[in-house]
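Below is one structure, written out as structure tokens; comments come after it.
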Amino acid sequence: MTTVRLTICEGARSRDVVVRAPAGTTWAEVIAANPTLPQGLFAGARPIAATDVVGSHPLVHAAVLSSTPAAAVTRHLLELHVIEGPGAGAWVPLGPTSVTVGRARSAVLQVPDPGVSRHHLTVGLDSGRVVVTAHDATNGTLVDGQPLAPATERELTLGNRIGIGNSVLELVRRDGVPTMTWPEPPPQVQIRMPAAPQPPEKRPWPLAMALLPLVVAGGAALLLHNPMFLMFAVLSPVMLLSQYVTDRRGGSRSHRRAMAAHRDDVEVAEAQVRRALEQEIAVRRSRTPALGTTVWVARSGAAARWSRDPTAELRLRLGTGVVESGVTRRWQRHTFGDDDIEPVALQQAPVEIDLRTAGRVELAGPQRQLVAQSLLTQLATWFSPDELQIVVCASPVNRPAWQWLRFLPHVLPAPDATPRIGPTCADTAADTTVVLVTDEVAANAPADAVVIALVADSTPQPGRIVTTAQGRVDGLDITLDLPAPGQAETAVRALAAATGSQRSSVGLPREVSLVDLAREYRTLDPTHPDAVLRAWSEASDRVLLGRTAEGPWEVSLPVDGPHALIAGTTGAGKSGLLQTFLVSWALSRSPQELSYVLIDYKGGAAFSGCAGLPHTVGMVTDLDASLTVRALRSLQAEIRRREQLLASAGAVDYAAYRDNGGGLARLVLVIDEFRVLADELPDFVHGLVRLAAVGRSMGIHLILATQRPAGVVSADIRANMDLRIALRLNDVTDSRDVIDADDAARLDPSRPGRAVAQRAGGDRQRVQVARVSGHTPRLDAAPEVLSVDPQTGAPISRRAREDDDDLSRIVSAIRRAHALEGSAPAHRPWLPPLAARLTAESGGAGTAPLGLVDLPDEQRQEWTGWSLKDGNLLIVGGPASGRSTVLRTLATGSRESVYWLTASKPTVGESLPHIGAVIRFDEHARVHRLLTWLEDRIAHGGADPVRLLIDDWDSLQARTDALSLTLSDRLLAILRDGPRAGVVTAVAGGRGVVSGRVSGLAARRLCLTSGGTDDVILLGVKPAQLPSLGTPGRGLLLPEELEIQCALPGAPAPDASVAVRFDPLPAQVDSLPAGAFGVGLDGPIGWRDDDRAILIAGPPGSGRSTALAASAAADPGRTFWLTDPAQTTDLTRWAGEHPGGTVYVDDADQLGGTPIEGLLADLAGRHRLVVTSSLTSATAAFTGLLPLVKRAGVGVILQPGPRDGEVLGVSLPTSYDEGPGSGVVVHRGRLTQVRVSRAACRTTGCPPATAAG
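The letter at position 359 of the sequence shown is residue 359 when you use full-length UniProt numbering, and the numbering goes up by one with no holes.
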């Protein structure tokens, strides 16, 4: 697939378009598929032919196509270039016609330099010579630093530098593009300068020596009277004078000779200085080439471009000026230690700036845009877009000024990408040098980015370059190198065109598509199912993975392996390599011959596309660590299965088994992020050791991938990892650990998929991994032309391709091929994970259904239940874990009698015959009856087994009242003693089940995990053993340590037993037979004829009056209602008339000390008394009527607590408080629970309307 971005100019209007076309597409085919494109376009002066191929000259990336032809440019051997100063990059060919150079528009070579005259000089050919003629220019002309007088001719040779104003021109050959060597910085040179000779010493006339002989001789002559002594006196001064004159003349001649020699030595030293300066300026010009030379290299496509390393330095040229050189003069002095060091200035030398060292550079002044163009052109020319990226942050107003960069490969990652030019900082690739350009916009620079900021403030500051309108730096003697109009964009387009065919130094492509590779080298279209079926019929284990410098790169695990190690840091392309490996091998082998098991500790992202392959029989992610353990156990079972198959076939290994016609598929286990797996599950690594050792003979292969291999891959595993592939690694140690060399640590960080491969006993090989991401058009795809948004530069796609990437299309083709083949699904080394919802199936006799357990060691799943032989069962889980549902499932599916105790009424059918009762903890009377019955069975034995279910044990344990404590103790006793008598108990709860006394009374435990795992861990279960699937009912069954999905309640067992029922009293009694005032557990309850004194006691609101009315309504005899303490006369008369009748007294505790109380006491022997009283008053009464009635021991206690029985002389085992009207009937020590009828109150009122009847 070829993709280019072009500029189409129609008159004054221009627009960019992106052309996508299959390789070899002609312009005619593009026009036919996109009729809106204009026809008759030109590339420069050349018309676009119908046979021109997209991607080849002239239809290359960044080409400009115009509706009108440009003027033809005749190329000659020699050219004149502006290399320094304003207008750098401009050039003109030298032909038969002379060339005028100047500032005027009429000049053939126009130089926009204020220091250049309108017509400064003329260059032409004369009899094969190049001759320059200077005009009468204001600032003169220099040729290699020598002035050229006006109207004077001089012959030019290649390399001559012509100085005009602030600019420098150079005569070059068209094909003489310089080759850059990038020398080291110039050395520091110190030239020793000779010391000047000292002047001759001026000695004074020796007057004392001349006069002393005269004095001595004169004295001798006088003393000895001899005049000869005077002659000797005169001779001595004469001799001294002669010596003095001779010395003076000799010293002057020696000094003159020494001075002449000194001048010769100084000239030699100065020559050395000049040579050192010449060498230094040559080195400086090579280290930072002139802007004109830079543009020439970019425009010509010379090999020197992109030849510098941005990680070392980002050294660029600002211009030229006076700089301090590395040359110094050392002047010698005659005294030790007094030498003088004189630095030497370098004139017209390159002025450098290292952006890496500066970190941030601000540009201000009227020429700041041109300076930015100069710096960015140098960056783009000398540093590769794979190593340096440029991001431009500019406001919408300033964005048009940066459109000249839109094609630059450092800004535009791909022809169909979006340029990194906008108001915000665009994303960049990792591990690359980033240059952020801001144009009066505040932007957050990426870490370690270099910033070039254009600012409006021209105030001089450190780190700010303030330009002037004359092309200089304010306050400094620096002439800026500024590009000629249009030259920066010309360089950008030339660099962009070169990117399309750019290859690395080893001849590898920047990227390659697996689809294209398969089409080219396998004549296979992997996106078509028929082609996949044909490839399966040819059956090969050679996996096409990418390209080498020489051709396709293929590997074979059975031959090169049997196992492979892949390493690569983030962004290196490790996941892409795994996807390519899986997809490419799946194109060569059918699912009956090849199976994949994928383990990805990045959450499944690496294999997201490959999970849909029919070859994939299992996938594990880091979202479920327990599933990884399950995978290892299943793989161990798979090894045993394969060993049995090979043994039964008499085959020594997998190859022999296949040769004998065996249909066992190869199994490839692929583990991504192996280091994380090894850290979290070290036992898994030990299992892999055996798998690696027997892999080749069993047809099992390992592919281990990791970011940091050091210290993870053991020696045992490494011994079988004969195929090793290292993508880019950050650490040299990691690289050596994989391929025994540093090569992987030096791979280009901007080339995902670049790798070094090593086979056993083979040399290392540098490769480019084929990609399966992105979209490779079909072979018959029509060329596509996309418009480009003029504001953002983003292509405007005509259709979305979200599900049309290569990986999706290849997987779809393989799936369709498998469907067309009609073969059975591949064998799975483990079954699918347990379903989240299951419905219980009926268990056998003595077993209640529980759920489906996973048996990875046996590669199967089976139903399990709670057997009577298992004894008690603990169900541990937090809220919403499904523990109550588990109890419902057990209750519904049990064949034995079931009784359920719970804190709240569950939704389970008590109508089922085998469910004897569902009782809340606060139904004390029913609980007492049930536990008493169970305790009796345990003590004396029973014929049929019983299941007791207790839900929310924690709620019971949280209660501190005496009844609850007693209940807990009784239940613990049943748990302890029940199993041997056929009474088994299932207890469900949270931490109370784990940490309380109940935890030691059950051998079997069900740990549910969806409601939290903290409580379960208290049972000694390791976190790695717990399934992390957050669905109710998922858990771990102990002590077998089996994962289980508990079932939802199913249909009741058809042959379930009929349970003894413990039904509650009716909540309301509407009708009763004659003589009954309430209903007990065994039926209606009434008073006996010999019950002569009856007490109805209870707290306020408990229904005492209702019970009294019910008793009266049930009485067939004569009755008297005492409604007023003043009825003494009426009661006396009635008692006389009706001996043996019944007197009903409400609130008898209010009659104490009244006459009527004594009368009632007198009547007690001859008449029946039925009285009511509050519990408090009745219990505390010791005299009067109430003690008389209490002594009979007959009555009803309503809503009593455990201590309220003493009012009638009994001890209550529990509370019988079930609301108003509920209570217990006491009959001389015997207790019967009762619900009093309210029918009498509804029909006659309470008390009756008449006092006597």
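Using N, Cα and C, we set each Cβ at its ideal position, and we do this for glycine too.
Alpha carbon of residue i to alpha carbon of residue j, nearest angstrom
i	j	result
His225	Arg256	52 Å
Arg1004	Asp870	7 Å
Gly661	Ala572	42 Å
Ala637	Leu598	17 Å
Ile8	Val19	12 Å
Val130	Thr479	28 Å
Ala760	Thr418	44 Å
Glu342	Pro415	56 Å
Ala925	Val1079	15 Å
Phe407	Leu318	24 Å
Pro112	Ala196	50 Å
Ala1148	Gly1229	23 Å
Leu1038	Ser714	33 Å
Leu1188	Gly1101	25 Å
residue 1255	Thr864	The chain is shown from 1 up to 1253; residue 1255 falls before or after that span and cannot be answered.
Arg690	Ile671	16 Å
Cβ neighbour criterion (16 or more within 10 Å) applied to residue i
i	result
Ala488	buried
Met193	buried
Tyr657	buried
Val904	It should be pointed out that residue 904 corresponds to Ser in this sequence rather than to Val. Its Cβ having fewer than 16 others within 10 Å, Ser904 is exposed.
His686	exposed
Met228	exposed
Met721	buried
Phe1182	exposed
Pro566	The sequence shown places Ile at residue 566, rather than the Pro named in the question. Answer is buried; the Cβ neighbour count reaches 16.
Val652	exposed
Ile796	exposed
Ala845	exposed
Pro350	buried
Tyr601	buried
Val30	buried
First through last residue of the alpha helix (DSSP H) which encompasses residue i
i	result
Arg690	Pro682 to Met698
Leu291	Leu291 to Ser300
Val853	It is not in any alpha helix (DSSP H) - Val853 instead sits in the beta strand (DSSP E) that spans Thr847 to Leu855.
Pro529	Pro529 to Glu538
Glu29	Trp27 to Ala33
Arg493	Gln487 to Thr499
Integer-rounded CB distance, given that residue j should sit under 8 Å from residue i
i	j	result
Val177	Ser300	5 Å
Gly893	Ala840	5 Å
Arg420	Val392	7 Å
Leu544	Val811	The pair is not a contact, with the Cβ atoms about 16 Å apart (cut-off 8 Å).
Thr1172	Arg1092	Contact flag wrong, Cβ pair sits at about 17 Å.
Val1069	Arg1235	5 Å
Bridge partners - residue i, DSSP secondary structure assignment
i	result
Leu594	Arg666
Ser14	Cys9
Gln1233	Val1224
Glu270	DSSP output for Glu270 lists no bridge partner at all.
Gln369	None; Gln369 has no bridge partner.
Arg315	Asp354
Phe383	Arg308
Leu565	Leu704 and Arg724
Range of the contiguous beta strand (DSSP E) that encloses residue i
i	result
Gly1195	Val1194 to Leu1198
Pro558	Element bounds for Pro558: not the beta strand (DSSP E) but the alpha helix (DSSP H), Leu557 to Asp560.
Gln765	Arg764 to Val769
Closer than 8 Å to chain B by CB, residue i
i	result
Leu1160	Here there is only one protein chain, and chain B is not present.
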